[in-house]
Amino acid sequence: MNKAVRKAVIAGNWKMNKTPAEAKELINAIAPLVKDAGCDVVACTPFVDLSAAQEAAEGTNIQIGAENCHWAVSGAFTGEVSAQMLAAMGVGIVIIGHSERRQYFGETDVTVHDRVRAALDAGLTVILCVGETLEQREQGITNELVALQTKIALGGVSGEELKRIIIAYEPVWAIGTGKTATAQQANEVCHVIREVIAQLYGPEAAEAFTIQYGGSMNAGNAAELLAQPDVDGGLIGGASLKPADFAAIVKAATEG
Ligand code: PEP
């Protein structure tokens, strides 16, 4: 597998942080630090910050994304936002299936699948999150579980549509905990995901497919993680709110 054929993607997941005014400030602080990035740079923000972040990111190399979308085009789903609504405001990318959505908001593999379908239908690129809990890792079922999450989410997705999907391998026990998977653990599971893509879509599609690691990636550990042969980028939570740290990760991806 030739890593050089894949574009690295570093995406921030701001979670439920920042007001619109603060979002502008944060984008303004990050933009000059990442302007020479040799990778794609994305900031996924709360819905209410999208317009402000888009405005601040205009003319920069930062793409603005959302953190979720609903599976229906429109309808009686109070409090939800559809993929079409995001597309209509010029948002091009969305995180789906983040473990916090699975853990706190009843997201299942089936609803993740449905949201992926909706996002693709609206023309969006998807960052699809998969990953095991600590209990599942200790049971020794990480690889099967992640393979299954991937297969269910991608059900019915065509080879052409796959080009608009990125998978983020995010071990739940490493998210926001300060515990990072070792570079070897991260690479092993990213490799399993690549094998699943190869089974479903063939070796060429697998070789071109971008797989991120996420889980307490920071300025100090990014270089080692991003140097792994199957790790093509990162989904960054806490460190994406700190301009210098986020920029250091982007630099590591550019070099790795
Ligand atoms: C995330 O929110 O996807 C994430 C990986 O968070 P953190 O980097 O804070 O662990």
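Each residue of the sequence shown is one higher than the one before, counting from 388 in this note's numbering.
Cβ atoms here follow ideal geometry from the backbone N, Cα and C, with glycine treated the same way.
Taking non-hydrogen atoms of the ligand PEP into account, the C-beta of Ile480 is found less than 7 angstroms away from none of them. The way I'd put it, the segment 416-423 doesn't touch the segment 451-460; fewer than three beta-carbon pairs between them come closer than 8 angstroms. Where Gln599 is concerned, there is no enclosing alpha helix (DSSP H), although the beta strand (DSSP E) around it starts and stops at Ile598 to Gly601. Close CB contacts of Ile414 within its chain, under the 6 angstroms cut and outside five residues either way in sequence, are with Ala440, Ala443 and Ala444 (chain order). Taking a C-beta distance under 8 angstroms as the contact criterion, Thr597 and Ile553 qualify as a contact pair. Within the same chain, Cβ atoms closer than 8 angstroms to the Cβ of Gly563 are found at Ser603, Gly624 and Gly625, the five residues on either side in sequence being excluded. Checking the 7 angstroms criterion, the Cβ of Lys402 is within range of a heavy atom belonging to the ligand PEP. Here Gly510 is exposed, its C-beta having fewer than 16 other C-beta atoms within 10 Å. Ala418 is the residue among Leu437, Asp427, Ala418 and Thr465 whose C-alpha sits nearest the C-alpha of Gly446.
Distance check between Val468 and each of Phe434, Ser545, Ile539 and Thr641 places Phe434 closest, using alpha-carbon atoms only. The segment 398-412 makes no contact with the segment 491-510, as fewer than three CB pairs between them are under 8 angstroms.
Under DSSP, Asn574 shares a beta bridge with no residue.
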